[in-house]
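Scroll down for the structure; my scribbles are underneath it.
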Amino acid sequence: MTSFTIYNASAGSGKTYTLVKTYLKIILQQPQNDYFKHILAITFTNKAVNEMKIRIVNSLKSFRTAQMLEEPVPMFSELCHELKLTPSELQQRCDTLLHSILHNYAFFDIATIDKFNHRLIRTFAFDLKISQQFEVELNTNELLQKAVDNLIARAGRDKPLTRLLVEFSLEKLEDDRSWDIASDFYEMAKLLTSENHFEPLHKVKDRPLKDFLKLKSLLKEYIDSLRNKIKERAIEILLIIDNKGLESNDFSRGTLYSHFEKLSKHEIDVYKNQLLQNLESGSGLYNKNTPENKKALIDDLRPILLETYLQIKTMVYQQKLYQNAYKNIVPFSVLSAIQQEMETIKADENIVPISEFNYIISDAIKNQPAPFIYERIGEKYRHFFIDEFQDTSQMQWNNLLPLIDYVLQSETSQTQKGSLLLVGDAKQAIYRWRGGKAEQFIDLFLGKSQPFHTKAYVDVLGNNFRSHAEIIHFNNDFFKHISNYLPDDSYKKIYKDSNQEIQQKKGGYVSISFIDSIKNNVTEEDDDNPNKDERYAASTLDAVNEALKNGFQYRDISVLVQKNKNGYLLANHLSKNNIPIISSESLLLKNHAGVRFLINLIKLIIQPENKEALAQLLLEFASIKEIPNAHDFLVGFTRHTPENFYNEYGFDSSYASTHSFYELMEYAIARFGLASQSDAYLTYFLEEIWQFNKPSQGGIYGFLSHWELNEDKWSIAAPEGVNAVTIMTVHKSKGLEFPVVIFPYANASLSFEINPKIWYDVIPENHEGFSSLLINKNNEVAQYSNYGQALIDEHISKVILDKINVLYVALTRAENHLYVISEYNSLKKESDTPNTYSQLFIDYLKKINRWREGQLQYEFGSPLIQHQQNVQKEEDHLPFAPQRKLELQYNIATRSGSLWDTKQGDAINRGNILHDLLSQIRWKTDIDDALKHAIIQGNIAAESYNELKEMLNKLVSNPILEPYFSPKYTIYNEQELLGAEKQLLRPDRLVIDNKKNVVIIDYKTGKDNPKYAIQLNEYEQVLKFMGYTIKHKLLVFINEEIEVKIQS
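So the sequence shown is numbered by the UniProt record's numbering: it starts at 1 and just counts up by one.
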């Protein structure tokens, strides 16, 4: 392997195979059995991480079998050849390496970029001036919403802010928009977490509100000044025309005179005609019947008319620029204030949003000659793998560059050089909105960028192992053709050069069909058309039934959509026609009756008089229990208070005041019988409550707001093995493959965006020190200046690439059959450039001479007939098991009362209960929670609380033990270890520092016993084998007094 390799891996080209083989080759050729510790593989999803880990481990596992010698797989044979090892030698190495990886799994470093960054930040928290006990906040949107709410709550107390908010509300009303400003601020606040907007926002993050107010006033001055200048200049030219004795009807259709007349009345939308061309050429300025002397006057005036036209046009578009910026100035102004609110929340709750990881590291390594953040790991990693490189953001790449550059330029004492392997495909770059920058991979692949002294070896994985021949041939030909419509030459090249070779899979089938939409030329901008939705749904159902007729199972079929709302419509239609489906909508927690019941129960507990919540709760309950006469059931209970319904099912609402929110929900599920068997929706809902159930979050009261922000996002993972049609977005399908793919609504516009915003650079000296203005992206921006034209050209070019990339991802998921359902939406003129997917398909069909006016379906290849497969019977459901054993609540006194009554209980039960309690205690602050939990579980009696608390406090305050209950260490309580004889070992407590030094602590009662020391030595041997250094081994005897023995 060369030190720097780039693989261009198109869809289905065996990318994971190549990564796994290269990884195995590195670790197999090194003499060290733990050399994998020196490899860092980075990808972008947990799913991809797990897939690569499983592939590596399973490969090592299969390579060491006897069958491999008889029937070697290609990778095994290739590794034998390239490493010059006999099959038996390779098997022996694989067995040794598998054993080493499994015993040192924590150092098997295949991780997401976020996890790697998290590790860096956690390790260097002190250097980065971050609390070492910070928590990662995954829900950035909720943090933004809270910051916006806090900012608006300052209205009335902060006078400058109040004035700004009031003015903005009034301006919105003048524009016939809602006066509500919260949604505007929330949308604007999202820019704070977008890497695409990081640089300009970073420049203004510390500027006070008064600076933005000055800019606002300045923009208003510029707008008023330009408006007056435009009016004055227009009046001047009209006077010149009048003084020459010319009138409006002397000009062709009165256009020129009308142009300046409108400008004199502040009507500035006048540049949608051919007037400029006429002025430049001198033709078309006057009518045929205009007198010759007046024609001569107009010709004489043409130079000054042209000059004035251009001068005013420049001022008009300068005014439009400032008007555009002015509309965004208030939300832009409050961005720094929102950011300050976020900083306050982060400090109060001790959190770091995951979206800030890249920024934190970037700030840390900026201007550092030897970036200190990597100093302690620079010697550790010698090889880097970066998968899906086209999705890497510029900041992520820049953050990794110093570490990789250091490794590529250095050698170990054994003269081992480091390496970098990048794998990507610019055609599958569909995450620009998340910071992904395809141009980075394009520039590296084409040799335009050379970030290291080492020159890259570039290779193309040219085979397609996924799809059948007809699908590969269609995609090769189709994308090569439409690449002509990509504006950038680099973009064109990646598609033109991406011809894939067909492997053994012959045949295959592609169907391109068009719905005959009543409303022609309907695209993304205007897609609320019931007739169109019905036709798409009907065509999708037809495609599903055709696939079933050809022998495919429901589970073989995936329907890909670009918008969730389209997926929802299709899911409803297929369900109504008895097609089992799994969709993002069906997986949402909010669509589960049991979850909706619990949400309404929460509302009722908070507000018992809430009749609407009571009615909804009863309706959900009637649905869950399939109550025959739901109306009578509903009427019967809504006449009374909720307590009547609660009493009917043995639910005590006072439980909420004596137990945690989480326990309340488990209690409700049990009492109302919401889950007699395992229920993924309720389990996930409880997990979210568990994550939320912190005092700082507001408990049961705060959860409702938390739910409202997340109800459209929280969903369970799609269950495996279910025989149902999958409906998902194209973005979620990336990296997946399906025997049958149906792609309806295939008529997206190539240029349409939803409210895009861009940054327009200006001269700081003329704009209160601001170097960029935030503006709405529209076609007029190109008229602002040459810079504006370049800005729009670049932006549109990227948008078109992204849209075609989405199309590429959608069309390359299919293995056997591909159904594309688009609209009959042809170009108005043959000379026009296609601007929708539909027009691209029609243009391609014309190019290959297949297009026929009025024909709505085109087929490539023939359907493949599948042999019917037996659908596996689904596993029996496990019973729903709450964490609390509710059925034991009446036996608590009997069990707990026996704990301290006898000497035998003192010797046996005390040891057991203390072990249970200590297993839940990481820090001293955990003692109260552990005791309360034990009381609720029925493990101890309430009257034992104080006695146990005193004993536990005495233990954690012991001079020897106290340091090891500090948050600065990583703690593992009762962590299972695999011993040398494959036996399970479970030390009571492991205390690990950031240098892999370990303190082993075991708790005992009664007298010392030689076997205790043997146990500690067994723990020590395993931990040393895993690469840890043992600092101390402590035996803690818990009797009437606490005694600590340090073992040698």
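Built from N, CA and C at the ideal position, the CB exists for glycine as well. Just so you know, these numbers come straight off a predicted model, no measurement behind them.
### Task
Give me the Cα-Cα distance between residue 421 and residue 446, rounded to the nearest whole angstrom.
16 Å
### Query
If you check the beta carbons only, do residue 700 and residue 606 fall under 8 Å apart?
yes
### Query
Do the CB positions of residue 833 and residue 485 come within less than 8 Å of each other?
yes
### Task
Identify, in the order they occur along the chain, each residue of the same chain with its Cβ nearer than 7 Å to the Cβ of residue 1060, setting aside the five sequence neighbours on each side.
One cannot answer for residue 1060 here, as it falls past the ends of the chain, which runs 1 to 1048.
### Query
Starting from residue 761 and walking both ways along the beta strand (DSSP E), at which residues does that stretch end?
757 to 761
### Query
Where do the ends of the beta strand (DSSP E) carrying residue 561 lie?
557 to 561
### Query
From 764, 760 and 423, pick the residue whose C-alpha is nearest to that of residue 795; which is it?
760
### Query
Going along the chain, which residues of its own chain have a beta-carbon closer than 6 Å to the beta-carbon of residue 411, five neighbours each way excluded?
417
### Message
Quick check on the burial criterion: 16 or more other C-beta atoms within 10 angstroms. Buried or exposed for residue 197?
### Response
buried
### Whole-angstrom distance between residue 464 and residue 45, CA atom to CA atom
23 Å
### Query
Just to check, is the beta-carbon of residue 274 closer than 7 Å to a non-hydrogen atom of the ligand SAH?
Looking at this structure, you won't find the ligand SAH or any other ligand, since it has none at all.
### Task
Answer yes if the region 568 to 588 comes into contact with the region 719 to 735, meaning at least three C-beta pairs across the two stretches below 8 Å, and no otherwise.
yes
### Query
Does the beta-carbon distance from residue 746 to residue 820 come in below 8 Å?
yes
### Close Cβ partners of residue 75 (< 6 Å) along its chain, the five nearest in sequence each way excluded
21
### Task
Return the chain-ordered list of same chain residues with a C-beta closer than 8 Å to the C-beta of residue 998, the five sequence neighbours on each side being excluded.
990, 991, 992, 1023, 1028, 1029, 1030 and 1031
### Task
Tell me whether residue 728 sits in a helix, a strand or coil according to DSSP, three-state version.
strand
### residue 18 versus residue 217: straight-line alpha-carbon distance, rounded
59 Å
### Query
So, are the CB atoms of residue 1099 and residue 737 less than 8 Å apart?
Nothing about residue 1099 can be reported from this structure: the residues present for the chain run from 1 to 1048 only.
### Message
Check whether the region 1 to 8 and the region 447 to 458 touch, using three or more Cβ-Cβ pairs below 8 Å as the test.
### Response
yes
### Query
Taking Cβ positions, are residue 241 and residue 315 nearer each other than 8 Å?
no
### Task
Determine the contact status of residue 511 and residue 853, defining contact as a CB-CB distance below 8 Å.
no
### Message
Does residue 463 come out as helix, strand or coil in the three-state DSSP assignment?
### Response
strand
### Task
To the nearest angstrom, report how far apart residue 89 and residue 51 are at their CA atoms.
27 Å
#### Entry: Supposed contact pair residue 351 and residue 135 - C-beta distance, whole angstroms, cut 8 Å
5 Å
### Query
Buried or exposed: residue 200, going by 16 or more other Cβ atoms within 10 Å of its Cβ?
buried
### Message
By DSSP's criteria, residue 237 is part of a beta bridge. Which residues make up the other side?
### Response
Residue 237 pairs with nothing; no bridge assigned.
### As assigned by DSSP and simplified to three states, the class of residue 989
strand
#### Entry: Three-way DSSP call (helix, strand, coil) for residue 788 in this model
helix
### Message
For a test of the three-state rule: what should DSSP assign to residue 1002, helix, strand or coil?
### Response
strand
### Message
Using a 10 Å radius around the Cβ and a threshold of 16 neighbouring Cβ atoms, would you call residue 1046 buried or exposed?
### Response
exposed
#### Entry: Length of the line joining the Cα atoms of residue 160 and residue 210
8 Å
### Task
Spell out a yes or no on whether the region 105 to 125 and the region 33 to 40 are touching, meaning 3 or more CB-CB pairs, one atom from each, closer than 8 Å.
yes
### Classification of residue 889 by the beta-carbon crowding that lies within 10 angstroms, buried from 16 upward
Low confidence applies here, because residue 889 scores a pLDDT of 39, under 50, leaving its location unreliable; read the following figure in that light. Exposed: under 16 other Cβ atoms inside 10 Å.
### Task
May I ask you to report which of helix, strand or coil DSSP gives residue 353?
strand
#### Entry: Same chain, Cβ closer than 7 Å to residue 357, five either side skipped, listed in chain order
114, 117, 118 and 121
### Residues of its chain near residue 391, where Cβ-Cβ distance is below 7 Å and the 5 sequence neighbours each way are ignored
44, 429, 431 and 436
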